[in-house]
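Working notes, structure below.
Protein chains in written order, with this note's numbering: chain Y, 141 to 467; chain C, 184 to 720.
In structure tokens, the structure reads:
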């Protein structure tokens, strides 16, 4: 019995409290408080996600969801082959997704690589659509921290409104959480007024427990949003993974009142999936989160399917894909 | 396209976050500004009550009733035919969600029950017990497949007559019912291998009395093993939910099962009593402990075989290291599944005191997202209470809980005006001595108690006359095993609740009954053996 009382002496508490790089509550919680890191039960989590995906969303409720999905969308192009011409075309699509229907809202943001930020900024000035840029050696993040910081400064200088950074999974998976945390803090600082989304790349984290841990770590370090994936891996956003992240966000809100956003990205290709993500959001975090300020859908091919579904709701029949622009 | 209300946010193309960009105080980090602005009392309010949902009305998504065509009247199913009752008595069965009458059903008297048992006896003696086991299996496989083929029709009727949400009858009751027939079909020609060195023989005619909470599933639990073992049956469905059993008779005919192998007699408790007293070889009963005791008294000394699956007051035990969000789902599933009309429902939540507060807050919040209403709506989570007497019983016990000093919580929800409804309810500050901690409520009512150590959890969990099921929530594998060894319950679920599988035996300790259903164990009560009798004999 010698060890346990010793572990609880005030000295130990003081040491933990002083540990500079760790967010509060990230080590052994000394008080019964949320958010504790806790754990996630994979079977029950997946069952709950599957249950929510079965909600049947019809008519008006569906139209709301689809319009909201557009307003929450980060229209994305992240290819080596991206050019100013391609980005300009996408920018037009972002502002007016369906030229035949002025009632369709603009998307939330256009998400591009750093070199394309100036083009995007120029094209989107005054339109209300924001410019998001990936940074910090996207998608791997395997680059020295000062290079990452320099990249973030550059995109902010180019005029990006939002920065999508990746965490250093190498550091995370080897247990160097402090490095991950420090890096996010520094990037956040470099962002200035720009909005910071932290990409966890959940497909590389291996377990739901790690997804929860990484979410809390990123939030503690100052993330405005946590984001699932780079979209560069075959396993990107899934409903269970986003549910874990929503629950982490909920715990933070319950504990501190702070509202953090979520962005599932990658693999969301059809309107039906988008509705499932919104149902999950609504039933986990409530209507306060049904806003582009707190939720984004990262997607490159989703928009046209949503437009097609909306037009079907309006006209009663499906139109040929040829009636929707390919950008 | 302008929204017609509901989402609580403006839908126009104007982008609200632009404003953030021009208001630097809130732009860089949302958090400090928000934090500063948050009024503590506001936060407190959010924490303490806060149902998460407001605003978004899902449009109704009703499953069509068109797939079901009901007759005006259903006779008794005896010898492969629907016959009018000699008692000449009929009663009307309703939808508990609307109180709308659905059909007239026969009320079988003593003579009717006698005729049904005689028909089962004839079928047993003239062929069914002697046909090759593989043939028996063939019929059971056929029934299983027809159940799957007609599952939508049966699911809709189950929800209509019983009040349970369509998503449950569609995703739980029907798939499990078919799975039971498939499972026992597989045993029919392997009985000799199932019980090595013992020669299994069918008992004869089994009288089976089932409850109203899972009408078709309980039918499957009863009929599938009985037929697989070579018996014939007379089944009495519950008074309030006879319709799926009567529709099942159509399936029996469709499968060309020999006449008299399955007979169905409808009626109230008197019909059940008549069946118990009739010339059957075995009674299998699922229902209340009170009736179970009466049946046991009645059968004492008659030599008839008996299995009882009775009430429960299961403890769902959550340790402080459990995955909390998933535990909350398990608690909700444990007690609000099927409106709490589940004998193995996790009606007592035992939570380790160190996490009681956050867990109960999470639970209350989750309750706010439960959708109570039309059982046929695909988005309904909690349906109608099965009958008026049951509703009154729930109300009485809830009133007793309040009077005894427990703290009640019900999320705000609008209940339909017609029909039988009860809002999901949580009682906190419950003492072990309160009626709501002791008696089976059989409704959507959860009693929350706390414990400090694993020993105390076991002691409290076992401190009940019942012993049907229990749940343990912890991330520690060794503790799961330690608990499972000590809990006096027929089923112990670990990090899940209300999971059923035809291969897994189910049944009780103490006043929750004896005998097992499901798995190999579920065959034994329908067989006799050379030499020693197995339990339940």
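Glycine included, C-beta positions come from ideal geometry on N, C-alpha and C.
It should be emphasised that the depicted structure is a prediction, and the values quoted were computed from it without experimental measurement.
Quiz item: Quick one: Cα of residue 453 (chain Y) to Cα of residue 665 (chain C), how far?
Solution: For this step, residue 453 (chain Y) is matched to residue 313 along the first chain. For this step, residue 665 (chain C) is matched to residue 482 along the second chain. In a straight line, the C-alpha of residue 453 (chain Y) is about 56 Å away from that of residue 665 (chain C).
Practice problem: May I ask you to report which of helix, strand or coil DSSP gives residue 276 (chain Y)? | Solution: Working through the first chain from its first residue, we reach residue 276 (chain Y) at position 136. Assigned with DSSP and collapsed to three states, residue 276 (chain Y) falls in coil, not helix or strand.
Quiz item: Under a three-way DSSP split, which group does residue 649 (chain C) fall into?
Solution: For the purposes of this step, residue 649 (chain C) is identified with residue 466 of the second chain, where counting begins at 1. Coil.
Quiz item: Grouping DSSP H, G and I as helix and E and B as strand, with all else coil, what is residue 172 (chain Y)?
Solution: For the purposes of this step, residue 172 (chain Y) is identified with residue 32 of the first chain, where counting begins at 1. Per-residue confidence for residue 172 (chain Y) stands at a pLDDT of 45, beneath the threshold of 50, marking its modelled position as unreliable; no derived number is given.
Quiz prompt | DSSP three-state assignment for residue 301 (chain Y), whether helix, strand or coil | solution = Looking up residue 301 (chain Y) in the first chain gives position 161. Reduced to three states, the DSSP call for residue 301 (chain Y) is coil.
Quiz item: Does the segment 294-313 of chain C come close enough to the segment 383-391 of chain C that 3 or more CB-CB pairs lie under 8 Å?
Solution: yes
Self-check item: Coil, strand or helix - residue 390 (chain C) by DSSP
Solution: Position 207 of the second chain, counted from the first residue, corresponds to residue 390 (chain C). Three-state DSSP puts residue 390 (chain C) in a strand.
Quiz item: The beta strand (DSSP E) spanning residue 591 (chain C) covers which residue range?
Solution: One-based indexing of the second chain puts residue 591 (chain C) at position 408. Start and end: 590-592.
Quiz item: Under 8 Å, do residue 325 (chain Y) and residue 363 (chain Y) count as touching if we go by C-beta distance?
Solution: By one-based count along the first chain, residue 325 (chain Y) stands at place 185. By one-based count along the first chain, residue 363 (chain Y) stands at place 223. No, the Cβ-Cβ distance between residue 325 (chain Y) and residue 363 (chain Y) is not below 8 Å.
Exercise. Identify the contact partners of residue 604 (chain C) in chain Y, using a Cβ-Cβ distance below 7 Å as the criterion.
Key: As a working note, residue 604 (chain C) is residue 421 in the second chain. What residue 604 (chain C) touches in chain Y: nothing, since even the nearest Cβ is about 21 Å away.
Exercise. List the residues of chain Y that residue 242 (chain C) touches, going by C-beta distances under 7 Å, in chain order.
Key: Stepping through the second chain from its first residue, residue 242 (chain C) is reached at position 59. Near residue 242 (chain C) (Cβ distances below 7 Å), the residues of chain Y are 198, 199, 200, 201.
Practice problem: Rounded to whole angstroms, what's the CA-CA distance from residue 581 (chain C) to residue 312 (chain C)? Just pull it up for me. | Solution: Your numbering for residue 581 (chain C) matches position 398 in the second chain. Your numbering for residue 312 (chain C) matches position 129 in the second chain. Straight-line Cα distance between these residues: approximately 50 Å.
Practice problem: Give a yes or no on whether the C-beta atoms belonging to residue 607 (chain C) and residue 637 (chain C) are separated by under 8 Å. | Solution: Here the question's residue 607 (chain C) lines up with position 424 in the second chain. Here the question's residue 637 (chain C) lines up with position 454 in the second chain. No; because the gap between Cβ atoms is not below 8 Å, this pair is not in contact.
Exercise. For the alpha helix (DSSP H) holding residue 224 (chain Y), just list the boundary residues, first then last.
Key: Position 84 of the first chain holds residue 224 (chain Y). From DSSP, the alpha helix (DSSP H) with residue 224 (chain Y) extends over 224-235.
Quiz prompt | Buried or exposed by the 16-neighbour rule on C-beta atoms within 10 Å, applied to residue 513 (chain C) | solution = The sequence position of residue 513 (chain C) within the second chain is 330, counting from 1. It counts as buried.
Self-check item: Runs of beta strand (DSSP E) wholly within the segment 253-310 of chain C (minimum 3 residues, chain order)
Solution: 259-261, 264-266, 273-277, 284-289
Quiz item: Listed in chain order, which residues of the segment 500-513 of chain C have Cβ atoms closer than 7 Å to some Cβ of chain Y?
Solution: 506, 507, 508, 509, 512, 513
Self-check item: the segment 414-443 of chain C: positions lying closer than 8 Å to chain Y by Cβ
Solution: none
Quiz item: What separation, rounded to the nearest whole angstrom, lies between the Cα atoms of residue 331 (chain Y) and residue 264 (chain Y)?
Solution: By 1-based counting over the first chain, the position of residue 331 (chain Y) is 191. By 1-based counting over the first chain, the position of residue 264 (chain Y) is 124. Those two C-alpha atoms are separated by around 20 Å.
Quiz prompt | Length of the line joining the Cα atoms of residue 154 (chain Y) and residue 319 (chain Y) | solution = Start at 1 with the first residue of the first chain, and residue 154 (chain Y) comes out as number 14. Start at 1 with the first residue of the first chain, and residue 319 (chain Y) comes out as number 179. Low confidence applies here, because residue 154 (chain Y) scores a pLDDT of 44, under 50, leaving its location unreliable; read the following figure in that light. Distance between the alpha carbons of residue 154 (chain Y) and residue 319 (chain Y) is about 22 Å.
Exercise. List the residues of chain C whose Cβ lies closer than 7 Å to the Cβ of residue 178 (chain Y), in chain order.
Key: Numbered from its first residue, the first chain carries residue 178 (chain Y) at position 38. Simply 506, 507.
Quiz item: chain C partners of residue 387 (chain Y), CB-CB under 8 Å?
Solution: Looking up residue 387 (chain Y) in the first chain gives position 247. Against chain C, a Cβ distance below 8 Å from residue 387 (chain Y) picks out 508.
Self-check item: Buried versus exposed, by CB contacts within 10 Å (16 or more), residue 630 (chain C)
Solution: The count along the second chain starts at 1 and reaches residue 630 (chain C) at position 447. Label assigned to residue 630 (chain C): buried.
Quiz prompt | Unbroken stretches of the alpha helix (DSSP H), 4 residues or longer, contained in the segment 382-459 of chain Y | solution = Within the segment 382-459 of chain Y, the complete alpha helix (DSSP H) runs of at least 4 residues are 411-425, 442-455.
Quiz item: For a contact meaning CB atoms closer than 9 Å, what does residue 183 (chain Y) contact in chain C?
Solution: Along the first chain, read from residue 1 onward, the residue named residue 183 (chain Y) stands at position 43. Here the neighbours are 509, 678, 679.
Quiz item: Which parts of the segment 461-489 of chain C are runs of the alpha helix (DSSP H), unbroken and 4 residues or longer, counting only runs that do not cross its ends?
Solution: 472-482
Quiz item: Between which two residues does the beta strand (DSSP E) carrying residue 401 (chain C) extend?
Solution: Locating residue 401 (chain C) in the second chain gives position 218, counting from the first residue. Premise fails: residue 401 (chain C) lies in the alpha helix (DSSP H), 398-411, not in any beta strand (DSSP E).
Self-check item: Proximity winner among Y:448, Y:374, Y:281, Y:438, relative to residue 247 (chain Y) (alpha-carbon distances)
Solution: Along the first chain, one-based indexing puts residue 247 (chain Y) at 107. The shortest C-alpha separation from residue 247 (chain Y) is found at Y:438.
Self-check item: Exposure of residue 221 (chain Y), with buried meaning 16 or more beta-carbon neighbours within 10 Å
Solution: Reading the first chain from its first residue, position 81 is the one you call residue 221 (chain Y). Residue 221 (chain Y) is exposed by the Cβ-count criterion.
Quiz item: When burial is assigned at 16 or more other CB atoms within 10 Å of the CB, is residue 588 (chain C) buried or exposed?
Solution: Position 405 of the second chain, counted from the first residue, corresponds to residue 588 (chain C). Exposed.
Quiz prompt | Classification of residue 458 (chain Y) by the beta-carbon crowding that lies within 10 angstroms, buried from 16 upward | solution = For the purposes of this step, residue 458 (chain Y) is taken as the residue at position 318 of the first chain. Exposed, because fewer than 16 other Cβ atoms sit within 10 Å of the Cβ of residue 458 (chain Y).
Practice problem: Answer yes or no: does any C-beta atom of chain Y fall closer than 8 Å to that of residue 521 (chain C)? | Solution: In the second chain, counting from the first residue as 1, residue 521 (chain C) sits at position 338. Any Cβ of chain Y closer than 8 Å to the Cβ of residue 521 (chain C) would place that residue at the interface, and such an atom is absent.
Quiz item: Got a sec? Which residues, its chain only, sit under 6 Å from residue 677 (chain C) by beta carbon, not counting five neighbours each side?
Solution: For the purposes of this step, residue 677 (chain C) is taken as residue 494 along the second chain, with counting starting at 1. Hits under 6 Å: 655, 663.
Practice problem: Give, in chain order, every unbroken run of the beta strand (DSSP E) that is at least 3 residues long and sits entirely within the segment 338-378 of chain Y. | Solution: 365-367
Exercise. State yes or no: is the beta carbon of residue 249 (chain C) nearer than 8 Å to at least one beta carbon in chain Y?
Key: Start at 1 with the first residue of the second chain, and residue 249 (chain C) comes out as number 66. Output row for residue 249 (chain C): interface = no.
Practice problem: Please list the partners that residue 561 (chain C) has in chain Y, where partner means a Cβ-to-Cβ separation under 9 Å. | Solution: Along the second chain, one-based indexing puts residue 561 (chain C) at 378. 194, 195, 196, listed in chain order.
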